[in-house]
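Chains as they are written, first to last, in this note's numbering: chain A, 1 to 137; chain B, 138 to 220.
Read the structure below first, then the notes.
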């Protein structure tokens, strides 16, 4: 299994957020259509559905191509991703006129820190183990 | 069993035989029915591997993230949005 290592890295990268997407879509459907929450989540659902998994895949490709040979830990590299995703997510929400509650914006610095922790753990344990399974690491 | 029934059964048997031969002809035989290498030693190696050890600071980080999620539940939708 030594063919197309970057393609395998991409697949390993998108696997984790794709699984989480099931959770997100379930929560979204429950909140929007069962509890009739008057927030137009469908306007911004494209971000977790398309942007995030692809960025995870590309992030893993970048690591496999340039940083793995230099022994940069995957967890550390993964925890940098929220610093890119947070402003992107905010930008998408603003572009699509999604109403962001002011208390969410006030909590943004804490949110980014927690996101970095969650990402660090997800990349260190989940993506890393997938990389091992696919023979990339 | 009547003569016609015996005849029908024999005809059906011939048709099945014919169909079987046609299917066998259509599907190519496996070129390599045996595995190239023995997978059992690899399986044993995998079984003998120590379980993943989680260092204490990762548990601390997990605790911190959980505590923040409990104290600031408004962050959970934002985190799900970015996952």
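Don't be surprised by glycine CBs; every beta carbon is placed ideally from N, CA and C.
Since the structure is predicted, the reported quantities are computational estimates derived from the model, not experimental observations.
task: Please name the residues in the region 84-111 of chain A whose beta-carbon is closer than 7 Å to at least one beta-carbon of chain B, in chain order.
output: 85, 86, 89, 103, 104, 107, 110 and 111
field: Integer Cβ distance of residue 198 of chain B from residue 205 of chain B, believed to fall under 8 Å
entry: Incorrect: roughly 11 Å between the Cβ atoms, too far for contact.
message: For the region 49-66 of chain A against the region 82-97 of chain A, do three or more pairs of beta-carbon atoms, one drawn from each stretch, fall closer than 8 Å, so that the two count as touching?
response: yes
message: Taking the straight line between their C-alpha atoms, what separation do you get for residue 9 of chain A and residue 65 of chain A?
response: 9 Å
Contact set between the region 177-201 of chain B and chain A, restricted to residues whose Cβ is under 9 Å from the partner: 189, 191, 195, 198, 199 and 201
query: Taking the Cβ atom as the reference point for each residue, do residue 52 of chain A and residue 220 of chain B lie within a distance shorter than 8 Å?
result: yes
message: Please identify, using Cβ separations under 8 Å, the residues of the region 7-20 of chain A that lie next to chain B, in order along the chain.
response: 17 and 20
message: At a CB distance below 8 Å, what residues from the region 26-54 of chain A approach chain B? Give them in sequence order.
response: 27, 44, 47, 48 and 52
message: Can you list, in chain order, the residues of its chain with a C-beta nearer than 7 Å to that of residue 44 of chain A? Leave out the 5 residues immediately preceding and following it.
response: 92, 93, 96 and 98
- prompt: Is the shortest distance between the beta-carbon of residue 74 of chain A and the beta-carbons of chain B less than 8 Å?
  reply: no
message: Can you look up residue 135 of chain A in the DSSP assignment and give me helix, strand or coil?
response: coil
query: What do you get for residue 194 of chain B, buried or exposed, if any count of 16 or more other CB atoms within 10 angstroms of its CB means buried?
result: exposed
- request: Would you give the residue range spanned by the alpha helix (DSSP H) that residue 217 of chain B belongs to?
  value: 212-218
message: Taking the alpha-carbon of residue 88 of chain A as reference, which of A:55, A:129 and A:116 has the nearest alpha-carbon?
response: A:55
- prompt: Once you ignore the five residues that flank residue 192 of chain B on each side, which residues in its own chain have a CB closer than 7 Å to its CB?
  reply: none
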